[in-house]
Amino acid sequence: MQLLASSEFDALVELQGILLSWPGIDARKPDYGAPPSAFAFIEALTWFSQTIRSGAWTYFEAVPLEKQTAMLGALRVLAPPEVTQMYKLGMEHWRDADTMKKLDCWVMDNESTCNAWLRALVQLHKNELIPMCEAS
């Protein structure tokens, strides 16, 4: 599947849409009922994108704590430590404007690194993701 090998940001967004179309997705479950790699990919791309568009506080304000907790667990297993630490910072301090400004700056300053991690995550777990894409 060529989409999984692309280095373009648009391919990440397209892949997210395909994964969210997977018949096994259950929006009522904190992790969508998806494999951890798919959940972490979907939710991290949402977090990064929403932070860049409108600030991290808008993500953490809107996402239920149960989903945030599931995401933190997935990141602890699948993400670089700094990504996990910054997500945890957002969870714990989303009402603190100064902390959120720092988190916003971190995401923007590390956008290419975060996107590279997402691409690496896709490559590492493509055997889980390809069947999901094919079933969508």
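Counting from 417, one number per residue, gives the positions in the sequence shown under my numbering.
C-beta: ideal position from N, C-alpha, C; glycine also.
Note that the coordinates shown come from a computational prediction; the quantities given were computed from them, not determined experimentally.
Burial state of residue i, where buried means 16 or more other Cβ atoms lie within 10 Å
i	result
R535	buried
P480	exposed
V429	exposed
Cβ shell of residue i (< 8 Å), same chain only, five flanking positions each side left out
i	result
C492	This sequence places Arg at residue 492; Cys is not what is there. So the qualifying residues of the chain are T500.
Rounded straight-line distance, which links the Cα of residue j to that of residue i
i	j	result
Q484	I468	18 Å
E424	E550	20 Å
D405	K517	Here the chain comprises residues numbered 417 to 552, so residue 405 is not present and cannot be evaluated.
Cβ-based neighbour list, residue i, same chain, cut-off 7 Å, excluding 5 preceding and 5 following
i	result
T515	L505, H509
W533	A495, P496, V499
W522	M502
Simplified DSSP assignment, three categories, for residue i
i	result
W510	coil
P555	This structure leaves residue 555 out entirely; the chain is present only between 417 and 552.
A472	helix
G489	helix
S528	helix
Contact with chain C by residue i, beta-carbon distance below 8 Å
i	result
A454	In the displayed structure, chain C is absent; only one protein chain is listed.
Neighbourhood of residue i by C-beta distance below 6 Å, restricted to the same chain and skipping five residues each side
i	result
M571	The shown model of the chain, from 417 to 552, leaves out residue 571, and the question about it has no answer.
Start-to-end residues for the alpha helix (DSSP H) that takes in residue i
i	result
I441	Careful: I441 lies outside any alpha helix (DSSP H) and carries neither H nor E.
P547	542-551
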